[in-house]
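Visitor:
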Amino acid sequence: MAEATPRITAQYLQSFEHQTVRMVGKVTLLRGEQATIDAGGPITIHLNRDAHLQVGHAVEVIGKVQQDLTVRVFSSTDFGTNIDFAAIDAVVDATHRHKEIFYGDNNDM
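Residue numbering for the sequence shown follows the UniProt record's numbering, beginning at 1 and increasing consecutively.
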């Protein structure tokens, strides 16, 4: 079975240290091989060669949360500029309220 990739925002980073996660945020800064996204708070991400981000665009990132609470990107998808972040936050909230449906107890992973 494939590893679950729970949807998170910045507030959940510490709970998913060393785990693969999925998040949607707005690109606020690009600097070399790093970027900052706003996903309920600033998150520094370490880009891979395939990442083609643009400041001001929404991006979905799948990556691993590092010990310093940055995220090493495995894959990213540009979602453009017309994203309802309130809806994204509602989905993240629902997945954590009903985690047994979406990804189980993260201590079991």
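We treat Cβ as the ideally placed atom computed from N, Cα and C, and that holds for glycine.
Here's a check: name, in chain order, each residue in its chain whose Cβ is nearer than 8 angstroms to the Cβ of Ile-37, leaving out the five neighbours to either side.
Guide: Within the sequence shown, numbered from 1, the residue matching residue 37 stands at position 37. Around Ile-37: Met-23, Gly-25, Lys-26, Val-27, Thr-28, Ile-43, Ile-45, Val-59 and Val-61.
Visitor: Is the stretch 92-101 in contact with the stretch 66-79, if contact means three or more CB pairs nearer than 8 angstroms?
Guide: Contact between the stretch 92-101 and the stretch 66-79 is absent, because fewer than three Cβ pairs lie under 8 angstroms.
Visitor: So what does Glu-60 bridge to, in DSSP terms?
Guide: As a working mapping, residue 60 is identified with position 60 in the sequence shown. DSSP lists Val-24 and Thr-77 as partners of Glu-60.
Visitor: Going by CA-CA distance only, name the one from Val-91, Ala-35 and Ala-87 that's closest to Gln-54.
Guide: As a working mapping, residue 54 is identified with position 54 in the sequence shown. Nearest option by C-alpha distance: Ala-35.
Visitor: Thr-81 to Tyr-103, Cα distance in whole Å?
Guide: On the sequence shown, residue 81 is found 81 positions in, with the first residue counted as 1. On the sequence shown, residue 103 is found 103 positions in, with the first residue counted as 1. If I take the Cα positions, the gap works out to 29 angstroms.
Visitor: Going by DSSP in three states, Asp-68 sits in which element: helix, strand or coil?
Guide: Sequence index remark: in the sequence shown, residue 68 carries index 68 (1-based). Coil at Asp-68, not helix or strand.
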